[in-house]
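S.K.: My questions all concern the structure below.
Numbering (mature numbering (1 follows the signal peptide of the UniProt record, and there is no 0)), first residue to last: -20 to -1, 1 to 413.
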């Protein structure tokens, strides 16, 4: 019996020792035009539990509510492997042109998430995230109890976030850490960590068509001057630059959205009157303009802001203005390559969302038996620019490995909403996205 127990223990240790995953396969990097040393470093194994493969998006890492799993993740072997992968990639890829990001980005997110997951209370040896998850649930305007604010775990958790350029440490968490030091004593850095090496993303415009604004321009004026452009999608694709559709500064380079058949909304128009005048079926206007509410009461007010030209047909179906010649209601291909999504859709009720997949999604795909990643890419046109893998981090960029990881019945996001990776809810330290 003792011999059997020793054998089982040895087998368990061996299995744990060989647990590993890759962030990249060497074949995934063929089109990146980087050197062999960089490819070797980026495609190296990471000797960690597979669960942290899902840490490739920056987010608040809370309790896993499973001490056994957390123990399997928080090993010295994993810590050393993450450090080695990160430092090796930084050195081997230092002189490489990797486009709009840094080669170590995903490893940095995973390493930061691992550190936040594995911090412990020095007295009880309990995981800090498990302790913080039991803190008082606060209502709006309520202050944290002093014993919780001053708990060593809360201080350590915030300090670890502050120390990494790959965490979601922001002005909210900065104010919390400053409050901890002021209220509870002690000191330490609280400033925002510097961003990774590349701060400005590579400029990308789906249509590769641009418009430079001039004095007096509005979304409405620009849309009318560019056949097939709907004002709302001009705004959604350039929100950070435009700000106010009715007062756009001169000299700004805007990306023009994909064109569609256009109808220019007139005073007194309703969705129903537009559909009747164009002889199209009911709900066509709402179908191609998801920003319009269910009873169409915001049509006039919204187009006063966004501009009167609206889509009355699918993207890419032609840019001529709609007339009484019937505009066919063809299915709108909702994807990251088909204009921005402005409405967040809830995941399918009977499907479980894949681990780590963003919930900021405008369209879901439930995996079918026998389906491949290539099938999903083709159906939704989402595999350009790595979007498919960024919003669904459990998927490998290698097609064969990706297909093996598909779980029938799970839901994947195939159309993230605009801004899915730039905003999050900072309502409190125990809030997970």
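By construction, the Cβ of each residue, glycine as well, lies at the ideal position given by its N, Cα and C atoms.
Who does residue 1 pair with in a DSSP beta bridge?
M.R.: Counted from its first residue, the chain shown places residue 1 at position 21. Bridge partners of residue 1: 26.
S.K.: Measuring only the C-alpha atoms, how far is residue 397 from residue 103?
M.R.: Mapped onto the chain shown, residue 397 falls at position 417. Mapped onto the chain shown, residue 103 falls at position 123. The alpha-carbon atoms of residue 397 and residue 103 are separated by roughly 44 angstroms.
S.K.: For residue 344, write down the residues that DSSP places opposite it in a beta bridge.
M.R.: Looking up residue 344 in the chain shown gives position 364. In DSSP, residue 344 forms a bridge with 393.
S.K.: What does DSSP give as the partner residues of residue 291 in its beta bridges?
M.R.: Residue 291 sits at position 311 when you count from the first residue of the chain shown. Paired residue(s): 242.
S.K.: Roughly how many angstroms lie between the CA atoms of residue 242 and residue 135, to the nearest whole one?
M.R.: Within the chain shown, numbered from 1, the residue matching residue 242 stands at position 262. Within the chain shown, numbered from 1, the residue matching residue 135 stands at position 155. If you take the alpha carbons of residue 242 and residue 135, they lie about 55 angstroms apart.
S.K.: Restricting to Cα atoms, I'd like to know which of 217, 195 and 173 is closest to residue 189.
M.R.: Walking along the chain shown from the start, residue 189 turns up at place 209. If we check each option's Cα against that of residue 189, 217 comes out closest.
S.K.: Going residue by residue through the region 248 to 293, where are the continuous alpha helix (DSSP H) segments of at least 4 residues, counting only ones entirely within it?
M.R.: 251 to 258, 264 to 268 and 279 to 286
S.K.: With distance defined between alpha-carbon atoms, name the residue in 363, 37 and 1 nearest to residue 29.
M.R.: Taking the first residue of the chain shown as position 1, residue 29 is located at position 49. The shortest C-alpha separation from residue 29 is found at 1.
S.K.: Round the Cβ separation of residue 140 and residue 193 to the nearest angstrom and send it over; I've been treating them as touching at under 8 angstroms.
M.R.: Within the chain shown, the letter at position 160 stands for residue 140. Within the chain shown, the letter at position 213 stands for residue 193. At roughly 43 angstroms, the Cβ-Cβ gap does not stay under 8 angstroms, so residue 140 and residue 193 are not in contact.
S.K.: Going by C-alpha to C-alpha distance, which of 67, 99 and 230 sits closest to residue 86?
M.R.: Position 106 of the chain shown holds residue 86. Cα-wise, what sits closest to residue 86 is 67.
S.K.: Secondary structure at residue 186, three-state DSSP: helix, strand or coil?
M.R.: One-based indexing of the chain shown puts residue 186 at position 206. It is coil, neither helix nor strand.
S.K.: Taking Cβ to Cβ, would you say residue 286 is nearer than 9 angstroms to residue 210?
M.R.: Position 306 of the chain shown holds residue 286. Position 230 of the chain shown holds residue 210. Between residue 286 and residue 210, the CB-CB gap stays under 9 angstroms.
S.K.: Could you check what DSSP says for residue 221 in three-state terms: helix, strand or coil?
M.R.: Counting from one through the chain shown, the residue named residue 221 turns up at place 241. Three-state DSSP puts residue 221 in a helix.
S.K.: On the three-pair Cβ rule with 8 angstroms, is the region 271 to 291 touching the region 324 to 344?
M.R.: No, they do not touch.
S.K.: If you check the beta carbons only, do residue 5 and residue 377 fall under 9 angstroms apart?
M.R.: Here residue 5 refers to the residue found at position 25 of the chain shown. Here residue 377 refers to the residue found at position 397 of the chain shown. The answer is yes: Cβ separation under 9 angstroms.
S.K.: Let's see if you can read the secondary structure: which residues bound the beta strand (DSSP E) around residue 235?
M.R.: Stepping through the chain shown from its first residue, residue 235 is reached at position 255. Here the beta strand (DSSP E) through residue 235 covers 233 to 235.
S.K.: Give every residue of the same chain whose Cβ lies closer than 8 angstroms to the Cβ of residue 337, excluding the five residues on either side of it in the sequence, and list them in chain order.
M.R.: Here residue 337 refers to the residue found at position 357 when the chain shown is read from its first residue. Closer than 8 angstroms at the Cβ level, and outside the excluded window around residue 337, lie 371, 372, 373, 374, 391, 392 and 393.
S.K.: Within the continuous alpha helix (DSSP H) that includes residue 126, where are the two ends?
M.R.: Against the chain shown, residue 126 aligns to sequence position 146. Per DSSP, residue 126 belongs to the alpha helix (DSSP H) from 126 to 129.
S.K.: According to the Cβ coordinates, are residue 89 and residue 35 closer than 9 angstroms?
M.R.: For the purposes of this step, residue 89 is identified with residue 109 of the chain shown, where counting begins at 1. For the purposes of this step, residue 35 is identified with residue 55 of the chain shown, where counting begins at 1. It is a contact, given that the beta carbons lie within the stated cut-off.
S.K.: On the DSSP letters alone, give me the boundaries of the alpha helix (DSSP H) that residue 44 sits inside.
M.R.: Position 64 of the chain shown, counted from the start, is the residue given in the question as residue 44. Careful: residue 44 lies outside any alpha helix (DSSP H) and carries neither H nor E.
S.K.: If residue 130 and residue 111 are in contact, beta carbons under 8 angstroms, what's the gap, nearest whole angstrom?
M.R.: Taking the chain shown and counting its residues from 1, one reaches residue 130 at position 150. Taking the chain shown and counting its residues from 1, one reaches residue 111 at position 131. With 8 angstroms as the limit, residue 130 and residue 111 do not qualify as a contact, their Cβ atoms being about 13 angstroms apart.
S.K.: Drop a sphere of 10 angstroms on the beta-carbon of residue 41, count the other beta-carbons inside from all chains shown, and report buried for 16 or more, exposed for fewer.
M.R.: In the chain shown, counting from the first residue as 1, residue 41 sits at position 61. Buried, by the Cβ-count rule.
S.K.: Based on Cα-Cα distance, which residue from 176, 156 and 351 lies nearest to residue 167?
M.R.: Locating residue 167 in the chain shown gives position 187, where the first residue counts as 1. For residue 167, the nearest C-alpha among the options comes from 156.
S.K.: Taking the DSSP output, what are the residues bridged to residue 192?
M.R.: Within the chain shown, the letter at position 212 stands for residue 192. Looking at the DSSP assignment, residue 192 forms a beta bridge with 233.
S.K.: State the start and end residues of the unbroken alpha helix (DSSP H) segment that holds residue 139.
M.R.: Numbered from its first residue, the chain shown carries residue 139 at position 159. Segment 132 to 142, the alpha helix (DSSP H) holding residue 139.
S.K.: Taking residue 252 and residue 212 to be in contact with their CB atoms under 8 angstroms, please state how far apart those CB atoms are, rounded to whole angstroms.
M.R.: Position 272 of the chain shown, counted from the first residue, corresponds to residue 252. Position 232 of the chain shown, counted from the first residue, corresponds to residue 212. Between residue 212 and residue 252 the Cβ distance is about 20 angstroms, and since that is not below 8 angstroms, they are no contact.
S.K.: Check whether the Cβ atoms of residue 199 and residue 225 sit closer than 9 angstroms, and answer yes or no.
M.R.: Counting from 1 along the chain shown, the entry for residue 199 is found at position 219. Counting from 1 along the chain shown, the entry for residue 225 is found at position 245. Yes, the pair counts as a contact, with Cβ atoms nearer than the cut-off.
S.K.: Considering only residues of the same chain and omitting the five flanking positions on each side of residue 346, which have a CB-CB separation below 7 angstroms?
M.R.: What you label residue 346 is simply residue 366 of the chain shown in a count that begins at 1. Cβ neighbours of residue 346 beyond the five flanking positions: 328, 331, 389 and 391.
S.K.: Near residue 27, which residues of its chain fall below 6 angstroms by C-beta distance, leaving aside the five closest residues on each side in sequence?
M.R.: Numbered from its first residue, the chain shown carries residue 27 at position 47. Contacts found: -1, 57 and 61.
S.K.: Please tell me whether residue 31 and residue 49 are closer than 9 angstroms, where the distance is taken between their beta carbons.
M.R.: As a first step, residue 31 is located in the chain shown; it is residue number 51 there, counting from the start. As a first step, residue 49 is located in the chain shown; it is residue number 69 there, counting from the start. Yes, the Cβ-Cβ distance between residue 31 and residue 49 is below 9 angstroms.
S.K.: Just the Cα atoms here: how many angstroms apart are residue 54 and residue 357?
M.R.: Position 74 of the chain shown, counted from the start, is the residue given in the question as residue 54. Position 377 of the chain shown, counted from the start, is the residue given in the question as residue 357. So the alpha carbons of these two residues sit roughly 35 angstroms apart.
S.K.: Hey, would you say residue 255 sits closer than 9 angstroms to residue 245, going by beta carbons?
M.R.: Along the chain shown, one-based indexing puts residue 255 at 275. Along the chain shown, one-based indexing puts residue 245 at 265. No, they are not a contact pair.
S.K.: Kindly identify the DSSP beta-bridge partner or partners of residue 361.
M.R.: Position 381 of the chain shown, counting from 1, holds the residue named residue 361. Paired residue(s): none; residue 361 is not in a bridge.
S.K.: Is the distance from the Cβ of residue 145 to the Cβ of residue 169 below 9 angstroms?
M.R.: On the chain shown, residue 145 is found 165 positions in, with the first residue counted as 1. On the chain shown, residue 169 is found 189 positions in, with the first residue counted as 1. Cβ atoms of residue 145 and residue 169: not closer than 9 angstroms.
S.K.: Keeping to the same chain, check which residues put their C-beta closer than 7 angstroms to that of residue 349; ignore five residues upstream and five downstream.
M.R.: One-based indexing of the chain shown puts residue 349 at position 369. Excluding positions up to five away in sequence, the list reads 388.
S.K.: Helix, strand or coil: which one does DSSP assign to residue 351?
M.R.: Position 371 of the chain shown, counted from the start, is the residue given in the question as residue 351. Of the three classes helix, strand and coil, the one that applies to residue 351 here is coil, per DSSP.
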